[in-house]
Each structure stands twice: as structure tokens, then as C-alpha cells.
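What follows is a short report on a single structure.
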Amino acid sequence: MLCTMDGTGTREEVLRAFGAGDAEAEELLRYNENVFRVEGLPDDTGFPLADEPFVEAWTGYAAEAERRGVVPTLREELVQLRFPVAEGISATEEYRNAVQRGIPPTGAGAGLLLEEPESLRLFLHPTAAGRIPVLVAENRNDFMALLRALARRNEPDPIPASMGACTIAGYNNWGRVARLRQEFERGELQGVEGSDWATAFRGIRERRELYQDRFILLSAGPYSGVGAAELGLREEVWLKMSRTIRLEHECTHYFTRRLFGSMRNTLLDELIADYVGIVAAAGRYHADWFLRFMGLEDPSAYRQGGRLQNYRGRPALSDGAFLVLQSLVRSAARRLEEVDRELPCRYRAPAGLARMVTALAAFTLDELAGPGAADLVRERLRALSQPPG
């Protein structure tokens, strides 16, 4: 749908102003489609939201990890950690039985090989959308091993150098299922019908909150592979900031998924998530940081290896559409910085950032790049600040 933008024209007209022809405009209208379901936001006093059900189990994992270590604790709960990363392993019967049916592999086995397992950290991080588990790997190779195990079916898929975090969503936790079975067999499982476990399990499968988890996997190191010198910062300062940006970026994806029903690998999602991360780390938004993360620090060219190529879409945008996308991202970042400069201090607090995320989630990337974008965002923020009538 071609939305009218504050008298400045339609989305298609904005795309044409950035150099899109008919074919490129059609591609980008599809790519930039906003699927967030922004239907209002709880009052500030409603934050943080109550934890989701999976948090209780992970609170126990974190406590156990303090006593026994992260790897021994999670290896018992997350079946993928009982397998190595190996070509074709996801097609084996033993792997499919473990991941799809919760049948543990026979024998001890080597499990997932990590270089510095003692350096892993597990904690619960508070967000406006409730607490979320965070697993941190200080060693880059360990991060990639965990990512391949938990998000790539233990296959040795290539991992972009610019990728330093991942939100694992919809994770089937067979450890939680096993505990549900124990409760059922003791007659303690409420709200589930069935005379035997097989019957009860069919009902449980429809209630994903009982067994599906979300958690964040983080690496250490400079954010987006950008060095401290490139931003004019000291190494130790930038590494600390990178941790904050990376964590709050992923927490923003969790926020949009829980409140608005979506988190995707598109530039709108990344613009919003990096906005929150940068503000949380630096106290204000730096458009030039975001553009460098994306590989767009040169106003006239894209730097291969920047994050932008990770969000080209499926099917991938054509070369022409990708070139227009670069211009859209540069403009949207600058207009967002214009809005951010005027925001009062309350928008740096978690509830204020949540409100800003809600405002931005109401638009498409091309709308945020257009000439009236700053005014549109300001108007949206004012509307969110008004009490319901």
C-alpha cells in the first residue's frame, strides 16, 4: 500500500526521489513492508512487563551455573550442546531424535567442542519487555560454535565476521518438556487433559509457552567488527560500549517480537535496534556510528564486509535496488539523529526508549528516509504521550 506521507508524497515517490526505477521501486516496497503490529503501548507504569514463562527455568539454570559452571548446566538442558558441529550431522537419526523428539543421544560423546568453556557467562537481563536470558561467549570461536549449534542445526555454516549476537527464538526446550512429564506423572500438571502422557503431550504442543524459549547469544569484541580507532575512542572504552550496544540491540528485537509480533533481518529492524543500543551506550544517537556499522561511512560507496549485506533479503534485492537501499539507510539515519538531538532526558530511560521504539515501529524505512520523516516521528511521539481519550 502506498501511504501518504505528511503531504510529501507516497512511498513510491520517495523511492523514485532516491533513484529507484519501476522495478527497483516494486522490490523495495515489498522489502520495506512493515509487519509490526503496533496497536498501542502500555502506560510507562506498566514497564517492565511480567517475565515470560521460560524465564523461571532459566533463572534456575543461571543459579545452577554459578555452582557447576555454564557448560555442564546447559549441556543437560539444551540437547544441541551434546553434539559436535559437523557437516551433515543434522540429517542423522540420532540428531533428529534428540532435537525433534527429545530423545537424548546414546553414550557420552564429545558434545560441542569449545576452546574456553570456563569463560562462558549466563545471566538474566532486565528489559522493558521482561527479563531475558543472556549467554555470553568471550571467545569468538566459541561464539560461532554455539551459534552453529543453537541456530544452525550444528552444521558448519559460515558466520559473517560482522555478526556478534543472535536472539534464539522459538527454541524447543526438551528439558522443560521432561519436567512437564514429571509433573504430569505425579498428578501435579494443571490445565492439561489426558489419561496418558502421549495424549497430554498432544495438548501441550499447542501451548508453546510451556516449552519454547527465547534467549540471547552474545560475543565479545568490537561491535560490528568496527575498531575503536575508526570511532576515535580508546580500546577499553569501545569494548565496553560494544557490549552495551550488542546487548541492548538484541533486547530491542526481543521487545518488538513480544509487543509487536515480529523481529526480522530487515533494515527497519536493524535501524531501530542499533538506535537503542547506541543511545544506551553513548547517551545519544550517532548516525555516523550506525552508518559505519553498516559499511556506509563513505557517502558514495558501500564497503564490502559491512553489515548491510547481511540484510539484503530473500530473495536478495537486485543490485539496483540494493544501491537505492543504501541511500535510504543513509537518509533515515540522519533524520533519526535530527529527532534524537531534540529529545528530553526521559527518552534515555528504559520506558522512554520503549516509547521511541514504538514510534519508529509505526513507519517503513522509506518513510523514515523521506523529507518529512523528522516531523512524522515527532508527531507520533506526541500522540503516544497523550493519555487515551
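When we follow the numbering used here, the leftmost residue of the sequence shown carries the number 3, and every step to the right adds one.
In this text, a Cβ means the ideal position worked out from N, Cα and C, and glycines have one as well.
DSSP bridge partner residues for residue i (one or two, in chain order)
i: residue 215; result: 173
i: residue 138; result: 123 and 220
i: residue 167; result: 220
6 angstroms CB neighbourhood of residue i in its chain, flanking five on each side removed
i: residue 16; result: 368 and 372
i: residue 164; result: 226, 227 and 309
i: residue 340; result: 376
i: residue 53; result: 132 and 133
i: residue 166; result: 221 and 248
i: residue 177; result: 79
i: residue 279; result: 247, 250 and 251
i: residue 117; result: 141, 143 and 144
i: residue 212; result: 206
i: residue 162; result: 312
i: residue 397; result: Lying outside 3 to 391, the shown extent of the chain, residue 397 is not represented and no answer is given.
Buried/exposed call for residue i, threshold 16 Cβ in 10 Å
i: residue 144; result: buried
i: residue 317; result: exposed
i: residue 159; result: exposed
i: residue 366; result: buried
i: residue 172; result: exposed
i: residue 69; result: exposed
i: residue 267; result: exposed
i: residue 193; result: exposed
i: residue 29; result: buried
i: residue 108; result: exposed
i: residue 354; result: buried
i: residue 102; result: exposed
i: residue 347; result: exposed
i: residue 40; result: buried
i: residue 197; result: exposed
i: residue 81; result: buried
Closest Cα partner of residue i within the set the options
i: residue 246; options: 255, 281 and 38; result: 281
i: residue 241; options: 125, 304 and 230; result: 230
i: residue 277; options: 93, 295 and 263; result: 295
i: residue 361; options: 271, 324 and 307; result: 271
i: residue 115; options: 244, 258, 73 and 175; result: 73
i: residue 141; options: 384, 123, 382 and 197; result: 123
i: residue 36; options: 262, 119, 381 and 101; result: 262
i: residue 374; options: 343, 119 and 333; result: 333
i: residue 129; options: 150, 235 and 50; result: 50
i: residue 359; options: 302, 324, 275 and 139; result: 275
i: residue 260; options: 215, 96 and 66; result: 215
i: residue 306; options: 297, 40 and 92; result: 297
i: residue 97; options: 120, 346 and 151; result: 151
i: residue 156; options: 25, 88, 211 and 179; result: 88
i: residue 179; options: 237, 59, 283 and 95; result: 59
i: residue 286; options: 93, 335, 304 and 342; result: 342
i: residue 335; options: 288, 303 and 304; result: 288
i: residue 301; options: 71, 345, 67 and 328; result: 328
i: residue 254; options: 299, 322 and 357; result: 357
i: residue 34; options: 238, 175 and 269; result: 269
Residue i (DSSP reduced to helix, strand or coil)
i: residue 321; result: helix
i: residue 265; result: coil
i: residue 162; result: coil
i: residue 36; result: coil
i: residue 333; result: helix
i: residue 288; result: coil
i: residue 78; result: helix
i: residue 228; result: coil
i: residue 299; result: coil
i: residue 56; result: helix
i: residue 391; result: Confidence in residue 391 is poor, its pLDDT being 43 and thus under 50, which makes the residue's placement too unreliable to answer from.
i: residue 359; result: helix
i: residue 308; result: coil
i: residue 352; result: helix
i: residue 105; result: coil
i: residue 365; result: coil
i: residue 208; result: coil
i: residue 184; result: helix
i: residue 156; result: coil
Chain D contact for residue i (CB, 8 angstroms cutoff)
i: residue 107; result: Checking the listed chains, one finds no chain D in this structure; it contains a single protein chain.
Own chain, CB closer than 7 angstroms to residue i, minus 5 neighbours either side, in chain order
i: residue 77; result: 83, 84 and 113
i: residue 8; result: The pLDDT assigned to residue 8 is 45, lower than 50, so where the model puts this residue is not dependable; a value taken from the coordinates is nonetheless given after this. Cβ within range, chain order: 374, 377 and 378.
i: residue 330; result: 20, 367, 368 and 371
i: residue 125; result: 64 and 136
i: residue 324; result: 314
i: residue 291; result: 233 and 280
i: residue 380; result: 341
Same chain, Cβ closer than 8 angstroms to residue i, neighbours up to 5 away in sequence not counted
i: residue 153; result: 168, 170 and 219
i: residue 199; result: 183, 186 and 187
i: residue 195; result: 201, 202 and 205
i: residue 38; result: 258, 262, 263, 264, 363 and 364
i: residue 6; result: Only weak support is given to the placement of residue 6: the predicted model assigns it a pLDDT of 42, under 50, and the value that follows is read from those uncertain coordinates. Contacts found: 12.
i: residue 121; result: 139, 140, 141 and 144
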